[in-house]
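The numbering of the sequence shown is full-length UniProt numbering, which starts it at 1 and goes up by one. Notes follow the structure.
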Amino acid sequence: MFTINVDHVVTNIAADLCVRYPQVACERIRAMVATARERMEATNTHPEFLAPLIEHAVRIELHDPAGAPVPPTSATC
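Structural data, given as structure tokens:
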């Protein structure tokens, strides 16, 4: 079985978002990622989906401070 290194992935999410949203301080983005992770990790039973959920949640939060468009939701049930 393959184990997902969530710490590594979350670090890369924060670094990528810092590049995509230069108008928002990296410290703030890292804090947003950490908060989203804490909020989702507590109840998440599928770690393979944790990283994209964290990134999506933070991108939505970055909408207002960055002045960027809200990312589309492509999830279907």
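We put the beta carbon where it would ideally sit given N, CA and C, even for glycine. All values derive from a computational prediction rather than experimental measurement.
- Residue burial annotation: ALA36 is buried, with at least 16 other C-beta atoms found within 10 angstroms of its C-beta.
- Counting along the chain, the unbroken alpha helix (DSSP H) around THR35 starts and ends at 26-41.
- For HIS46, no alpha helix (DSSP H) encloses it, and the DSSP letter there is neither H nor E.
- A distance of 7 Å or more separates the beta carbons of VAL6 and MET32.
- ALA42 is classed as exposed because its beta carbon has fewer than 16 other beta carbons within 10 Å across all chains shown.
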